[in-house]
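*Asks:* What follows is a structure written as structure tokens; I'll ask about it next.
Protein chains in written order, with the numbering used here: chain L, 20 to 681; chain F, 311 to 490.
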């Protein structure tokens, strides 16, 4: 009964979405307030109905209702409760339902929050959200219905892919989708503005909080996915340039560019056409990610079941949304007025450089991901992999990070670069000290590692010094500095914190990429090995049983200078229902480095086990840095200027000296 | 052309690029990436002779005749390879299947470290450093696995990591059939 309620709720949600996707447009064109209001109500209604459907599917998973095909295929009665719940979105149908749930959430949020947005623009934004909803609801109901019954019901389910039974991955899709879908709001705002033919600083201010929410969620989602790959795939790699990872990286890169160019729209009323294009493209890349992952056009570790009918349907959605958005852009973008001018060396110039480098990076990732597909059509066969990306991306990342520390120091319109560099001397010193420390600890080779560490320190110190410089730290009494710090807008803090987080993450990436130590050997019980100053003893290997797997656990005692500091228990699990083996690495972290142990196969002579031990310097910083970046995003989001109404443009602009110095 | 017209044409550019991309996607959808291109089905394997990695036995097209066997394309930089690897090790050890490795666009020392770490299921390995042999095979991405019959002809191609299901439903029955 409950699955039928869920199914029925989806059908009703589709009807409401059709209303939301039509009436508000007509209302905005005819200035009919009631029709525009209908869009708002439909958005609330949709959220309620889709939440109901989502809960219905979750209920089927929680009680293990094996008369529902989706539950049979992806769950098992013995599975821990966390993974029963996570199983809801650990498959194609359920993840699409999660997608549409997020969309409804954002739709209702736009309906509820944006009170200061002109009613016609708001109606159109909601209308576009409604149309996206129509497309995806149709897609779910026609090709990916999670509520289909199976008769007779089998006694038990097939279990979820054991690789996906993991706390890190359980919450990875919701954040990823929150990011993907969040960019739909920026898309809707862009389309709304194109229809209205008007983009002004207020538009930049309305679109920014939504972009910030989406960006922060996507950052968190990607970080969780990479963390999962790090400890679950059993060798400590954290990024593979896998098509599915790239599919999430592209909207992140474009979204980061959008976040920055929207600032220029808001503060300087410039870069408007470009920002609109970015808003359309960022969401399109999110959709394309969905298409690539779901259609099976590209194969990958993460791919779910493949069905060509779904591929065609998602392609049609992509064509309508992106094609429609870009066509509207081609026809209407010329109506947007060109805004303020600026010199190349200025805050705007730095943000343009940021956008240029991020866009090129996006294109590089796009080409690398799609090239095999495109050439396949011509009958050529190539594959690019990590070597391609690793060869190109650093050349784009280096100038990006160099400029990242300088950008926030630059004033709008025009700047004196030499003077600015003089103010960055503290960051320069920190950079030199960091490089010296790296040199002392790891030697001169590889040189790229020193460059990387220097960049990380530059970004980190530059970001913090920017705040210090603004509050005139050490130049005025400390109490005055503190009160200035309290008075700084949250947006400024957000920028610094996010940039500093990026610096921390880069240090982590550099550390583990260049300074990894590994030891692979056969160890018998009682044997010892030393890796990077840690002495590990394999005490015993035991068999054990988990809820839906059997496992072999190795017990390692870790000693430093003879005293025990930790016990590591890596596992090798066997999931009989899914017939898959997984490795569970054991990690001892000091927050500066990780000691990482994996238990492998028994050695052929039966006397010991193949054991892999890694020392990953700085690796935890990748995820700590990512969290700091997310925190920066949230800080910026809490800026009160994003909530209060936009001041009307004054007839006489205040002189530049009176403007906030950012 | 006036600058206004040029500006309008420039605005049309993203749409045009997207349409081209869309056409590729549409064609891409009609092609099942897991199917061999028609030109390769039942054809003999391309002629090649590759050195091994780290002094181990190499791989030549002449090694691929006389016995039913698998050719597995792998690389140390490829994540899915790590996922399928335990299965390959089990097949080689427990089922006694001959698996030849084609180490695709990889550094020999990295490949050796990969095998030390995860075990070596391969009877012999060809180091395809520039990926040329891979291209002749029609490698689309790593990992890929080919079923080769006694006459040295390619009979089946699996794209992406081998999962236990693929093994038991497709590859093993096929190997048994071809071995008759």
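We put the CB at the ideal spot given by N, CA and C, even for glycine.
1) Consider the Cβ of residue 479 of chain F: report whether some Cβ of chain L lies at a distance smaller than 8 angstroms.
2) Beta carbon of residue 65 of chain L, beta carbon of residue 152 of chain L: below 8 angstroms?
3) Do residue 158 of chain L and residue 302 of chain L have their beta-carbon atoms positioned less than 8 angstroms apart in this structure?
4) Is the beta carbon of residue 375 of chain F sitting closer than 8 angstroms to the one on residue 489 of chain F?
5) Report the rounded CA-to-CA distance for residue 315 of chain F versus residue 355 of chain L, giving the unit in angstroms.
6) Measure how close the beta-carbons of residue 464 of chain F and residue 337 of chain F come, nearest whole angstrom, since I'm counting them as under 8 angstroms.
7) So, with DSSP's three-state summary, where would you put residue 600 of chain L?
8) Let's see if you can read the secondary structure: which residues bound the beta strand (DSSP E) around residue 614 of chain L?
9) With a cut-off of 8 angstroms, do at least 3 Cβ pairs link the region 230-244 of chain L to the region 368-385 of chain L?
10) Taking any Cβ of chain F, which residues in the region 327-344 of chain L have a Cβ under 8 angstroms from it, in chain order?
11) Along chain L, in chain order, which residues have C-beta atoms closer than 9 angstroms to that of residue 413 of chain F?
12) Please report whether the beta-carbon of residue 252 of chain L lies at a distance below 8 angstroms from any beta-carbon of chain F.
13) With a cut-off of 8 angstroms on the beta carbons, I'd call residue 306 of chain L and residue 294 of chain L a contact; round off their distance for me.
14) Using DSSP bridges, identify the partner residues of residue 108 of chain L.
15) At a cut of 8 angstroms, does the region 82-90 of chain L reach the region 24-42 of chain L through at least three beta carbon pairs?
16) Between residue 324 of chain F and residue 598 of chain L, how many whole angstroms is the CB-CB distance? I'm expecting something under 8 angstroms.
17) For residue 683 of chain L versus residue 533 of chain L, is the C-beta spacing smaller than 8 angstroms?
18) Contact check, residue 273 of chain L vs residue 304 of chain L under 8 angstroms by CB: the rounded distance?
19) Would you mind telling me which residues of chain L sit closer than 7 angstroms to residue 358 of chain F, beta carbon to beta carbon, in chain order?
20) Going along chain F, which residues have a C-beta under 7 angstroms from residue 296 of chain L?
21) Is the separation between the beta-carbon of residue 558 of chain L and that of residue 570 of chain L shorter than 8 angstroms?
22) DSSP has residue 587 of chain L in a bridge; who is on the other side?
23) Between which residues of its own chain and residue 583 of chain L is the CB-CB distance below 8 angstroms, once the five residues before and five after are set aside?
24) Between residue 256 of chain L and chain F, is the shortest Cβ-Cβ distance under 8 angstroms, so that the two count as touching?
25) When burial is assigned at 16 or more other CB atoms within 10 Å of the CB, is residue 135 of chain L buried or exposed?
26) Could you tell me which uninterrupted beta strand (DSSP E) segments, each at least 3 residues in length, are contained entirely in the region 449-487 of chain F, listed from first to last along the chain?
27) Let me check one thing: in DSSP terms, what residues is residue 594 of chain L bridge-paired to?
28) Can you find a CB in chain F that lies within less than 8 angstroms of the CB of residue 539 of chain L?
29) So, using beta-carbon positions, are residue 133 of chain L and residue 39 of chain L closer together than 8 angstroms?
30) From which residue to which residue does the alpha helix (DSSP H) around residue 265 of chain L run?
31) CA-CA distance, residue 261 of chain L and residue 407 of chain L?
32) Quick check: the Cα distance between residue 104 of chain L and residue 76 of chain L, rounded to an integer number of angstroms?
33) Between which two residues does the beta strand (DSSP E) holding residue 364 of chain F run?
34) Could you compute how far the alpha carbon of residue 466 of chain L sits from the alpha carbon of residue 459 of chain L?
35) Just tell me which of F/420, F/477, F/457 and F/328 has its CA closest to the CA of residue 439 of chain F.
36) Exposed or buried, which one is residue 48 of chain L when buried takes at least 16 other CB atoms within 10 Å?
*Replies:* This is what the structure gives:
1) As a first step, residue 479 of chain F must be located in the second chain, where it is residue number 169. Not one chain L Cβ lies under 8 angstroms of residue 479 of chain F.
2) Taking the first chain and counting its residues from 1, one reaches residue 65 of chain L at position 46. Taking the first chain and counting its residues from 1, one reaches residue 152 of chain L at position 133. It is a contact, given that the beta carbons lie within the stated cut-off.
3) Sequence index remark: in the first chain, residue 302 of chain L carries index 283 (1-based). Sequence index remark: in the first chain, residue 158 of chain L carries index 139 (1-based). Not a contact, by the Cβ cut-off of 8 angstroms.
4) Translated into the one-based positions of the second chain, residue 375 of chain F becomes position 65. Translated into the one-based positions of the second chain, residue 489 of chain F becomes position 179. For residue 375 of chain F and residue 489 of chain F, no; Cβs fall outside 8 angstroms.
5) Locating residue 315 of chain F in the second chain gives position 5, where the first residue counts as 1. Locating residue 355 of chain L in the first chain gives position 336, where the first residue counts as 1. The straight-line gap from Cα to Cα measures roughly 15 angstroms.
6) Counting from 1 along the second chain, the entry for residue 464 of chain F is found at position 154. Counting from 1 along the second chain, the entry for residue 337 of chain F is found at position 27. With 8 angstroms as the limit, residue 464 of chain F and residue 337 of chain F do not qualify as a contact, their Cβ atoms being about 24 angstroms apart.
7) The residue given as residue 600 of chain L occupies position 581 in the first chain. Of the three classes helix, strand and coil, the one that applies to residue 600 of chain L here is strand, per DSSP.
8) Along the first chain, read from residue 1 onward, the residue named residue 614 of chain L stands at position 595. Here the beta strand (DSSP E) through residue 614 of chain L covers 612-621.
9) no
10) Residues 327, 330, 331, 334, 337, 338, 341 and 342.
11) Here residue 413 of chain F corresponds to residue number 103 of the second chain, with the count starting at 1. The contacting residues do not exist; residue 413 of chain F stays about 13 angstroms from chain L at best.
12) The residue labelled residue 252 of chain L in the question sits at position 233 within the first chain. Yes, its Cβ sits closer than 8 angstroms to a Cβ of chain F.
13) If you number the first chain from 1, residue 306 of chain L lands on position 287. If you number the first chain from 1, residue 294 of chain L lands on position 275. Not quite, the Cβ-Cβ distance comes to about 19 angstroms (not below 8 angstroms), so this is no contact.
14) Walking along the first chain from the start, residue 108 of chain L turns up at place 89. For residue 108 of chain L, which the question treats as bridged, DSSP gives no partner whatsoever.
15) no
16) Taking the second chain and counting its residues from 1, one reaches residue 324 of chain F at position 14. Taking the first chain and counting its residues from 1, one reaches residue 598 of chain L at position 579. Not really, about 47 angstroms apart at Cβ, beyond 8 angstroms.
17) As shown, chain L starts at 20 and ends at 681. That puts residue 683 of chain L outside it, with no answer to give.
18) As a working mapping, residue 273 of chain L is identified with position 254 in the first chain. As a working mapping, residue 304 of chain L is identified with position 285 in the first chain. Between residue 304 of chain L and residue 273 of chain L the Cβ distance is about 5 angstroms, and since that is below 8 angstroms, they are a contact.
19) Taking the second chain and counting its residues from 1, the one referred to as residue 358 of chain F is at position 48. Neighbours of residue 358 of chain F on chain L: none; closest Cβ ~15 angstroms, over 7 angstroms.
20) The count along the first chain starts at 1 and reaches residue 296 of chain L at position 277. Under the 7 angstroms cutoff, chain F gives 324.
21) Here residue 558 of chain L is taken as the residue at index 539 of the first chain, counted from 1. Here residue 570 of chain L is taken as the residue at index 551 of the first chain, counted from 1. Cβ distance not < 8 angstroms, so residue 558 of chain L and residue 570 of chain L don't count as in contact.
22) Taking the first residue of the first chain as 1, we reach residue 587 of chain L at position 568. DSSP lists L/575 as partners of residue 587 of chain L.
23) Residue 583 of chain L sits at position 564 when you count from the first residue of the first chain. Within the same chain, residue 583 of chain L has close Cβ partners 576 and 577.
24) Position 237 of the first chain, counting from 1, holds the residue named residue 256 of chain L. With 8 angstroms as the cut-off, residue 256 of chain L counts as an interface residue toward chain F.
25) Taking the first residue of the first chain as position 1, residue 135 of chain L is located at position 116. Answer is exposed; the Cβ neighbour count stays below 16.
26) 454-458 and 464-469
27) As a position in the first chain, residue 594 of chain L is number 575, starting the count at 1. For residue 594 of chain L, which the question treats as bridged, DSSP gives the partners L/599.
28) Here residue 539 of chain L refers to the residue found at position 520 of the first chain. So, interface residue.
29) For the purposes of this step, residue 133 of chain L is taken as the residue at position 114 of the first chain. For the purposes of this step, residue 39 of chain L is taken as the residue at position 20 of the first chain. No, these two residues do not count as a Cβ contact at 8 angstroms.
30) Counted from its first residue, the first chain places residue 265 of chain L at position 246. If you look at residue 265 of chain L, you'll find it in the alpha helix (DSSP H) that goes 262-287.
31) Position 242 of the first chain, counting from 1, holds the residue named residue 261 of chain L. Position 388 of the first chain, counting from 1, holds the residue named residue 407 of chain L. When the Cα atoms are used, residue 261 of chain L and residue 407 of chain L turn out to be separated by approximately 12 angstroms.
32) Here residue 104 of chain L corresponds to residue number 85 of the first chain, with the count starting at 1. Here residue 76 of chain L corresponds to residue number 57 of the first chain, with the count starting at 1. Cα-Cα distance, rounded: 9 angstroms.
33) Looking up residue 364 of chain F in the second chain gives position 54. Taken as a continuous stretch (DSSP letters only), residue 364 of chain F belongs to no beta strand (DSSP E), as it is neither H nor E.
34) Within the first chain, the letter at position 447 stands for residue 466 of chain L. Within the first chain, the letter at position 440 stands for residue 459 of chain L. Spanning the two alpha carbons is a distance of roughly 13 angstroms.
35) Reading the second chain from its first residue, position 129 is the one you call residue 439 of chain F. It is F/420.
36) In the first chain, counting from the first residue as 1, residue 48 of chain L sits at position 29. With fewer than 16 other Cβ atoms within 10 Å, it is exposed.
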